[in-house]
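Undergrad: Going by this note's numbering, the sequence shown opens with residue 1, and the numbers climb by one from there. Where a beta carbon is used, it is the ideal one built from N, C-alpha and C, also for glycine. None of the values given here were measured: they were computed from a predicted structure. Following this message is one structure expressed as structure tokens.
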Amino acid sequence: SPSMPAWFRQHGYRTVSVGKVSHHPGGRGGRNWDDDAQPEMPLSWDEHLCESGEWKHPRGVMHGLAHGEIREQASQMDVLQAIQGSDGIYPDGLTLQTAIEQLDTLSRGEKPFFLAVGFLKPHLPFGAPKKYLDLYEGVELPAIAHPNKPAGKTTWHRSGEFMKYNRWDRDPNADREFADLVRKHYAACVSYSDALVGKLLAALQKAGSSDDTVVVLWGDHGWHLGEHAIWGKHALFEESLHSPLIIRPANSGRQVVSQTVDAVVETIDVFPTVCKLADVEPPSGIDGENLFASVAQPPETSSATTGGNLAVSYTGKAQTIRSDQYRLIVHKDGSLELYDHAAEGETKNVASEFPSVVEQLRGQLDERLGRP
């Protein structure tokens, strides 16, 4: 099946990516992720851009800190940083500048456009202009929810991606002061990205394209900030898998009423949803659902046991399925985890107490994964 940008390109759109939209910033492979002969998404983009500036190349951009600092060895790079300066002293500032330039050009073009902009933060290392960290000075953070390592067989891990950075011999699981420092730097990175998104939306408005443009704000994963004694992703708990998703339809002269929908959805739902909003027929056999149809399903028509939509994810050694109420995790060795979000959440494995729920969810997981 074609990728989403490839499909829109086939339907007459000019498609441009800026920043980290696929795995590497700029969407290329090679030693420094800048080899035009190794596109990550072939036939998808008219242009896939990554302004590197003083970070030299897209690989340098990926984990870059202020003023061109590049990660060569994580243990020699600080995990936290807040430097006085403008938004442009970190790589995402360059991404914003390039995106605004593209937005201006695309808005004046004859073709409709599909512009994807990938900001890095709050990716590791947690670096942002100091003015965003200052927002949290004197703020007392809430206690970390369920901060202990879970018992039994789970997808818990030692937070290797985080721990390999220079942490000044401090462990956030044992040092509450350091844990709060990490969380405030993470929050600063979120505020930095939030400000950049705001500037991009302002540029869209200035270009005169806001009313007829669908806007999707979308994160590719969540992040543990001490929950389950994890500082990272790569687990099958809610904190790793719950990601941001905000969709604003084009106004086109119509008033759009905002609402928050409490429903289980998947990132694969973005493709058919954007097709619907753009009046582009989706490809046949596409995975995912148009969210504006599926999340409007009345609760009484959904399963009383698993309820509403379902979401599937996996790691190398386990797979999970999430319903409105439950999460089931199936390990390759046969171990099971079942969590009830209407009760203890993901702090108590209740698989032995609800075998019928396990059986139903496991059948649905097998069906989604194409297993007999």
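(1) Could you check which residue in R248, C189, E238, G64 has the C-alpha nearest to that of L217?
(2) Hey, out of M77, K20, Q73, E40, whose CA is closest to P58's CA?
(3) Can you give the Cα-Cα distance for C275 and P282, rounded to whole angstroms?
(4) In whole angstroms, give me the CA-to-CA distance for K184 and A74.
(5) Is V257 close to chain B, meaning its C-beta is less than 9 Å from at least one C-beta of that chain?
(6) Name the DSSP bridge partner or partners of A128?
(7) Using the Cβ count rule (16 or more neighbours within 10 Å means buried), how would you classify E51?
(8) When burial is assigned at 16 or more other CB atoms within 10 Å of the CB, is D169 buried or exposed?
(9) Using a Cβ-Cβ cutoff of less than 6 Å, which residues in the same chain neighbour A6 once the five nearest sequence positions on both sides are dropped?
(10) Could you compute how far the alpha carbon of V264 sits from the alpha carbon of D279?
(11) So, helix, strand or coil for V215, using DSSP?
(12) When the Cα of Y136 is compared with those of K164, D180, Y165, which residue comes out closest?
(13) Are the beta-carbon atoms belonging to I329 and T155 less than 9 Å from one another?
(14) Express the C-alpha separation of L291 and P299 in angstroms, rounding to a whole number.
(15) So is V31 buried or exposed if we call it buried at 16+ other beta carbons inside 10 Å?
(16) Nearest CA to the CA of H24: which residue from K233, L141, E40, M77?
(17) Find out if the Cβ-Cβ distance for the pair D340, Q319 is shorter than 9 Å.
(18) Give the secondary structure of Q10 by DSSP, where H, G and I count as helix, E and B as strand, and everything else as coil.
(19) Give the secondary structure of E40 by DSSP, where H, G and I count as helix, E and B as strand, and everything else as coil.
(20) I'd like the ranges of any alpha helix (DSSP H) spanning at least 4 consecutive residues and lying wholly in the segment 181 to 253.
(21) How big is the Cα-Cα spacing for Y373 and A37?
TA: From the atom records:
(1) Here residue 217 corresponds to residue number 217 of the sequence shown, with the count starting at 1. It is R248.
(2) By 1-based counting over the sequence shown, the position of residue 58 is 58. For P58, the nearest C-alpha among the options comes from K20.
(3) Along the sequence shown, read from residue 1 onward, the residue named residue 275 stands at position 275. Along the sequence shown, read from residue 1 onward, the residue named residue 282 stands at position 282. Distance from the CA atom of C275 to the CA atom of P282, rounded to whole angstroms, is 6 Å.
(4) Here residue 184 refers to the residue found at position 184 of the sequence shown. Here residue 74 refers to the residue found at position 74 of the sequence shown. When rounded, the distance between both Cα atoms is 21 Å.
(5) This model lacks chain B altogether; it includes just one protein chain.
(6) By 1-based counting over the sequence shown, the position of residue 128 is 128. According to DSSP, which records beta bridges pairwise, A128 is partnered with A82.
(7) Numbered from its first residue, the sequence shown carries residue 51 at position 51. If you draw a 10 Å sphere on the C-beta of E51, you find 16 or more other C-beta atoms in it, and that means buried.
(8) Stepping through the sequence shown from its first residue, residue 169 is reached at position 169. By the neighbour-count criterion, in which a residue is buried when 16 or more other Cβ atoms sit within 10 angstroms of its Cβ, D169 is exposed.
(9) One-based indexing of the sequence shown puts residue 6 at position 6. For A6, where only same-chain residues beyond five positions count, the Cβ hits under 6 Å are L43, S44.
(10) Here residue 264 refers to the residue found at position 264 when the sequence shown is read from its first residue. Here residue 279 refers to the residue found at position 279 when the sequence shown is read from its first residue. Distance between the alpha carbons of V264 and D279 is about 24 Å.
(11) For the purposes of this step, residue 215 is taken as the residue at position 215 of the sequence shown. In this structure, V215 counts as strand in the three-state DSSP scheme.
(12) Residue 136 sits at position 136 when you count from the first residue of the sequence shown. Looking at the Cα atoms, D180 is the closest of the given residues.
(13) Reading the sequence shown from its first residue, position 329 is the one you call residue 329. Reading the sequence shown from its first residue, position 155 is the one you call residue 155. Contact annotation: I329 and T155 have beta-carbon atoms nearer than 9 Å.
(14) Stepping through the sequence shown from its first residue, residue 299 is reached at position 299. Stepping through the sequence shown from its first residue, residue 291 is reached at position 291. At P299, the pLDDT of 47 sits below 50, so the modelled position is not reliable; the number obtained from the coordinates is stated separately. Straight-line Cα distance between these residues: approximately 15 Å.
(15) One-based indexing of the sequence shown puts residue 31 at position 31. The sequence shown places Arg at residue 31, not Val. So R31 ends up on the exposed side.
(16) On the sequence shown, position 24 is the one that residue 24 refers to. Of the candidates K233, L141, E40, M77, E40 places its Cα closest to the Cα of H24.
(17) Reading the sequence shown from its first residue, position 340 is the one you call residue 340. Reading the sequence shown from its first residue, position 319 is the one you call residue 319. Judged by their CB atoms, D340 and Q319 are not nearer to each other than the 9 Å cut-off.
(18) Numbered from its first residue, the sequence shown carries residue 10 at position 10. DSSP places Q10 in helix when its eight states are reduced to three.
(19) For the purposes of this step, residue 40 is identified with residue 40 of the sequence shown, where counting begins at 1. DSSP places E40 in coil when its eight states are reduced to three.
(20) At a cut-off of 4 residues, the continuous stretches assigned as alpha helix (DSSP H) that sit fully inside the segment 181 to 253 are 238 to 241.
(21) Only positions 1 to 372 of the chain appear in this structure, which leaves residue 373 out of reach.
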